[in-house]
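J.: Structure incoming, see below.
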Amino acid sequence: MTEIRTPRLLLRRWHDDDLAPMADINADPRVMRWVDDGSVRDLDHTAEAIERWEEEWDEEGFGLFAVELLASGELAGFTGLSVPEFLPEVLPDVAISWRLGSQFWGQGYASEAAHATLEFALQDRGLDRVISISRVGDQASENVIRKLGMVPERETAHPVHGFPLRVHGIDLTEFQA
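According to this note's numbering, the stretch in the sequence shown is residues 2 to 178, in order.
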């Protein structure tokens, strides 16, 4: 079982009792504002998503980690690596992403978890490069992306919804672990 500990977080595979708290996160319009078309997700959709994330772990050797606060054991959300199949123009790149409940925003958790995930990508999975895809205007994600040392590479449009996306990248040989 793959786990990463940071000073405040445990990044781990998904447990059955993660479903309800992750569904609560996905049901928050503030959290989902910048995700796909911005619509909230219900319990069934969240269960299907977690199942897909776990399948990606099995197929690719990486995936989205559940992010747990060490101090309280609360599920804060996710961070991790995935193949961004929704945007074929960036393939075969691997993307880093995150989604935290709004009560966990502004405390540095996303940056801490994402930094640990980049270390994992480089040191444990041997990836040379990682990208991040964000919606143009999502300043909170842009701040995390900048802290990771990722640089904007291009803008494109979401192939289904048409809104503008920004693709950032980092060569992991230059990453400061």
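From the three backbone atoms N, C-alpha and C, an ideal C-beta is built for every residue, glycine too.
Entirely within the region 36–63 and at least 3 residues each: give me those beta strand (DSSP E) ranges in chain order.
T.: Whole beta strand (DSSP E) segments, 3+ residues: zero.
J.: Checking the sheet assignment: what are the DSSP bridge partners for residue 80?
T.: For the purposes of this step, residue 80 is taken as residue 79 along the sequence shown, with counting starting at 1. In DSSP, residue 80 forms a bridge with 66, 99.
J.: Can you give me the C-alpha to C-alpha distance between residue 123 and residue 27, rounded to a whole angstrom?
T.: On the sequence shown, position 122 is the one that residue 123 refers to. On the sequence shown, position 26 is the one that residue 27 refers to. Cα to Cα, the separation comes out at about 29 Å.
J.: So residue 29 and residue 67 are supposed to be a Cβ contact under 8 Å. How far apart are they, rounded?
T.: As a working mapping, residue 29 is identified with position 28 in the sequence shown. As a working mapping, residue 67 is identified with position 66 in the sequence shown. Not confirmed; about 17 Å, so no contact.
J.: What does a CB cutoff of less than 8 Å around residue 72 pick up in its chain, not counting 5 residues either side in sequence?
T.: In the sequence shown, the residue the question calls residue 72 occupies position 71. Closer than 8 Å at the Cβ level, and outside the excluded window around residue 72, lie 9.
J.: Identify the residues that DSSP records as bridge partners of residue 172: which are they?
T.: The residue labelled residue 172 in the question sits at position 171 within the sequence shown. Bridge partners of residue 172: 130.
J.: Closest to residue 83 by CA distance: which of 130, 23, 149, 22 is it?
T.: Along the sequence shown, read from residue 1 onward, the residue named residue 83 stands at position 82. Residue 130 is the option with its Cα nearest to residue 83.
J.: Report back the beta-carbon spacing between residue 80 and residue 111 to the nearest angstrom; my notes put them in contact at under 8 Å.
T.: The sequence position of residue 80 within the sequence shown is 79, counting from 1. The sequence position of residue 111 within the sequence shown is 110, counting from 1. Correct: roughly 7 Å between the Cβ atoms.
J.: Taking 8 Å as the cut-off, decide whether the C-beta atoms of residue 171 and residue 150 are in contact.
T.: The count along the sequence shown starts at 1 and reaches residue 171 at position 170. The count along the sequence shown starts at 1 and reaches residue 150 at position 149. For residue 171 and residue 150, yes; Cβs fall inside 8 Å.
J.: Report the residue from 12, 102, 70, 22 whose alpha carbon sits nearest the alpha carbon of residue 63.
T.: As a working mapping, residue 63 is identified with position 62 in the sequence shown. For residue 63, the nearest C-alpha among the options comes from 12.
J.: Pull up the DSSP beta-bridge partners for residue 5, would you.
T.: One-based indexing of the sequence shown puts residue 5 at position 4. Per DSSP, 12.
J.: Leaving out five residues before and five after residue 164 in sequence, what residues of the same chain have Cβ atoms less than 8 Å from its Cβ?
T.: Here residue 164 refers to the residue found at position 163 when the sequence shown is read from its first residue. Hits under 8 Å: 136, 137, 158.
J.: Three Cβ pairs or more, each shorter than 8 Å: is that satisfied between the region 39–47 and the region 105–121?
T.: No, they do not touch.
J.: So for residue 28, helix, strand or coil by DSSP?
T.: Position 27 of the sequence shown, counting from 1, holds the residue named residue 28. Coil, per DSSP.
J.: Report buried or exposed for residue 78, applying the criterion of at least 16 other Cβ atoms within 10 angstroms of its Cβ.
T.: Here residue 78 refers to the residue found at position 77 when the sequence shown is read from its first residue. So residue 78 ends up on the buried side.
J.: Using only the alpha-carbon positions, how far apart do residue 154 and residue 140 sit?
T.: Position 153 of the sequence shown, counting from 1, holds the residue named residue 154. Position 139 of the sequence shown, counting from 1, holds the residue named residue 140. Whole-angstrom Cα-Cα distance: 17 Å.
J.: With distance defined between alpha-carbon atoms, name the residue in 117, 16, 175 nearest to residue 55.
T.: As a first step, residue 55 is located in the sequence shown; it is residue number 54 there, counting from the start. Closest option to residue 55, Cα to Cα, is 16.
J.: Go ahead and pull the three-state DSSP assignment for residue 20.
T.: Translated into positions along the sequence shown, residue 20 becomes position 19. Reduced to three states, the DSSP call for residue 20 is helix.
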